[in-house]
Amino acid sequence: MKKQFLRIVVFCLCALALGACNLPNRDKAPVSTPTVVDLVEVIVAQTLTAMPTEAEVEIITPAATATEIPLPTETPLPTAEATATQQPTATATNTPVPAADIITGEPGSHFLHVYFDAINRGDYASAWNNLTYAYRLNMHDNLFSDFEEGYEDMDLCEIELSDIRVLTDTGSYAKIAAHYVYKVGADCTGYPYDFDAHFNYDATQQRWLLDGLTKR
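Residue numbers (this note's numbering): 22 to 237.
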């Protein structure tokens, strides 16, 4: 009986010792190492969060507002006394009367000849009428006198043109290249230039107008 009791005591002590070995360590928390599967799940979750869903889209239509309809007003009856009609006052303009030499037809070498032939013979009014309004305004404040004085101050003899060719024609814009020789002064010294002439189609006048030159 005593031996049996001792065996029981030894067994209990061994059991307690083994149980103590299996108790968790309260001082240190268990460390879990993230696996590749965990990382992929995080990336997938972030991707799905960033993508909008159809349920999040909300189309807001403005509410219809009542439009106030003005009431008809009574038309006043004419008085017995006739009122004097104000006559338009004459205003001084700096634009010459349209001349006969205007640019017509499709873009070609004659566009430049019409304009610069008028310049060569001193018919600045005809040349002015072949310019766009934007060019007149930007370069001459829409003053024909300023345009005319510019050529007169140049002391121009003539302008010779050669090697004329159409570079661009879109139906509303055209660019025509040419070689120019400006002859000026008492001895008519020549100064060569290569210019691109820019033309815009004016739908109101139904013809092409020169919008300026740029140096090549």
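Cβ coordinates follow ideal geometry from the N, Cα and C atoms, glycine included.
Since the model is a prediction, treat every value here as computed from it, not as a measurement.
Based on DSSP bridge pairs, tell me the residues matched to residue i.
| i | result |
| --- | --- |
| Ile-124 | In the DSSP output, where bridge partners are listed per residue, Ile-124 has none listed. |
| Asp-223 | Arg-228 |
| Asp-217 | Ala-198 and Thr-235 |
| Gly-211 | Lys-204 |
Helix, strand or coil for residue i? Go by DSSP, reduced to three states.
| i | result |
| --- | --- |
| Arg-142 | coil |
| Thr-112 | Note that Thr-112 scores a pLDDT of 41, beneath 50, so its modelled location is shaky and nothing firm can be said. |
Along the chain, where does the beta strand (DSSP E) containing residue i start, and where does it finish?
| i | result |
| --- | --- |
| Ala-155 | No beta strand (DSSP E) holds Ala-155; the alpha helix (DSSP H) holding it covers 154–161. |
Given that a residue counts as buried once 16 or more other Cβ atoms are within 10 Å of its Cβ, and exposed if not, what is residue i?
| i | result |
| --- | --- |
| Ser-147 | buried |
| Asp-319 | Since the displayed the chain opens at 22 and closes at 237, residue 319 lies outside it and no answer follows. |
| Tyr-136 | buried |
| Tyr-214 | exposed |
| Tyr-201 | buried |
| Leu-152 | buried |
| Leu-188 | exposed |
| Pro-195 | First, the residue type needs correcting, since residue 195 is Ala and not Pro in the sequence shown. That one is buried. |
| Asn-150 | buried |
| Leu-21 | Past the edges of the chain, shown from 22 to 237, lies residue 21, and the structure says nothing about it. |
| Tyr-212 | exposed |
| Ala-139 | buried |
| Ala-207 | exposed |
| Thr-225 | exposed |
| Ala-199 | buried |
| Ala-218 | buried |
| task | List in chain order: all unbroken beta strand (DSSP E) runs of 3+ residues lying wholly within the region 163–204. | result | Entirely contained in the region 163–204, the beta strand (DSSP E) runs reaching 3 residues are, in chain order, 177–190.
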